[in-house]
Structure formats: C-alpha cells, structure tokens
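This report refers to the structure that appears directly beneath it.
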Amino acid sequence: MFILNQNNSIANQFLAELRSIHIQKDRLRFRKNLERVGEILAYEVSKELPYSLHTITSPLAQVETPLLKEQPVIIAVLRAAIPFYQGILNFFDHADSGFIGAYRKEGEEQIEISLNYLASPDLTEKTVIMVDPMLATGKSFLKSIEALKGYGKPKQIEIVCAFAAPEGLEHIQENLELPYRFWIGALDEKLNQQSYIVPGLGDAGDLAFGPKI
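Counting from 1, position 193 in the sequence shown corresponds to residue 921 in the working numbering; the numbering is continuous, with no gaps.
This is how it looks when you write it as structure tokens:
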C-alpha cells in the first residue's frame, strides 16, 4: 500500500487545498488539484508496472531505454473522478479507458450501479487502474468490479484514490479476490454515520461540478 502524504512533498499542498473550506470553493482550483494528485499517483503506480528495453535513436546515437511492456486500462468511476482521471491519463496517455457510474442514494448505505454509464474495453489479462478520488465504504468499488466482469478478467487491479477511509480498505481486502494494490493520497481517520470520510473534504463531485438533484 502506497500512501502519498506519509512523506513530505508538494503533494501535501494540493491535498490541503482540496480539504480547505475556503480554497475548495474555487471549482477550477479544486479540479486542478485533483488532477495534480492524479498525476503524482500515476507516476508512483508507473514504478511498479512491467518494463522492457527498447532501442531509441536520437539525432546523435542509439540508447537502450526501458518502456512500459503494455499499457494499462484506466477505469474512472463517475462523476467526481473526471479531473482525477485526467491527471492519471496525462501520464498514461496511450492507455485505453473505461467509465462506470456508481452512486449512493442520499440517506442510504446501499450502492447502486447505473449500467447506462458502463463502457469498457477488453480487460482480459490487463492491468486495470481503478480511479475514484474518494474511497469511503468500498461498496461502490466492489460493485463496479462486479459490473466489469463481462469485459474479461484483469491480471492486476491498481486502486487509486485521493482520500480513503480505513473501513473502505478493510471491506475491499476482505472481499476482492483479484490481485490488487492501493495507491492513496491520504488515509483518513474514519467514516461518519453518513458514510462520509472524516476529515475528508466533503462531496468531491459537488465541489468539482456543482450540486446535483
């Protein structure tokens, strides 16, 4: 498990601005900070992917350079993931992408998946980067994985989130049968009674795109 804010870096500035009740009101800045955290986590994920040597010809000479053996598939859980996903796509710019809509009805713990928002390439034997800025209960993540079963069995799941609660990590660890790794911007304290991450940042989708009805 990789947790970004366990070490001092400029990423802590971006995470702090995402949390701040004053700064997060600027939607453009909020989206940009999600994108920045996505880029940093994408770089960290890239360190653990398989590489092979390729001969690259410059104007002066040839050089052996390790490049990705294969591109991952990036799956974004809508809607809050859009700017976060963009940051990851900025680094894995040759990757295929898929999209899935997952939402929780207000006042309920049950997570529902809208299959109208499900689109994915073939996932068979692929490394899949699952992108969701907020990992709270983990239920929407597991339901998303279930919904993607018809697209093939991945060989590895890279779970990338900006903020996570221990309860969500535990739920995934107890129920996900595929090989996986966590890549987290900040591991927070807990969930509250409404299953929001504490201290968290609030509703990432509303902060990025406005309130929904």
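Note that the Cβ used here is the ideal one computed from N, Cα and C, for glycine as well.
How big is the Cα-Cα spacing for residue i and residue j?
| i | j | result |
| --- | --- | --- |
| L743 | G933 | 16 Å |
| N818 | R764 | 10 Å |
| Q790 | L876 | 42 Å |
| I841 | S737 | Below a pLDDT of 50, predicted positions are generally treated as unreliable, and I841, at 49, falls in that range; the measurement from the model is reported next regardless. Each residue's Cα considered, the two are about 36 Å apart. |
| R759 | A936 | 6 Å |
| F812 | N740 | 16 Å |
| M729 | E886 | 10 Å |
| A830 | R807 | 8 Å |
| T865 | S923 | 7 Å |
| I768 | I941 | 33 Å |
| I816 | L788 | 32 Å |
| N903 | K867 | 10 Å |
| A809 | E772 | 18 Å |
| Q814 | T852 | 23 Å |
| I900 | G766 | 21 Å |
| T783 | T793 | 6 Å |
| I731 | V888 | 10 Å |
| E905 | E874 | 11 Å |
| F869 | Y845 | 15 Å |
| G880 | Q799 | 16 Å |
Alpha helix (DSSP H) containing residue i: first to last residue?
| i | result |
| --- | --- |
| P811 | 809–819 |
| Y771 | 755–774 |
| E745 | 739–747 |
| I803 | Note, I803: premise wrong, no alpha helix (DSSP H); beta strand (DSSP E) at 801–806. |
| L935 | 932–937 |
Is it true that the CB of residue j sits closer than 8 Å to the CB of residue i?
| i | j | result |
| --- | --- | --- |
| A890 | P861 | yes |
| F820 | I803 | no |
| S780 | K797 | yes |
| L746 | N761 | yes |
| G878 | P849 | no |
Along the beta strand (DSSP E) that carries residue i, what are the first and last residues, could you check?
| i | result |
| --- | --- |
| H782 | 779–785 |
| I885 | 884–892 |
| L796 | 790–796 |
| I857 | 855–859 |
| A875 | Taken as a continuous stretch (DSSP letters only), A875 belongs to no beta strand (DSSP E), being part of the alpha helix (DSSP H) at 867–875. |
| A914 | 908–915 |
Just confirm the distance between the C-beta atoms of residue i and residue j, as a whole number of angstroms; I'd bet it's less than 8 Å.
| i | j | result |
| --- | --- | --- |
| R757 | I751 | 6 Å |
Using 8 Å as the Cβ pair cut-off and three pairs as the minimum, do the region 900–920 and the region 761–779 touch? With the cut-off at 8 Å, the region 900–920 and the region 761–779 touch.
Would you say the region 914–927 touches the region 849–856, given that touching needs at least three Cβ pairs under 8 Å? Touching, no, given that fewer than three Cβ pairs across the two stretches are closer than 8 Å.
Using 8 Å as the Cβ pair cut-off and three pairs as the minimum, do the region 885–905 and the region 913–920 touch? Yes, since at least three Cβ pairs between the region 885–905 and the region 913–920 fall closer than 8 Å, the two stretches touch.
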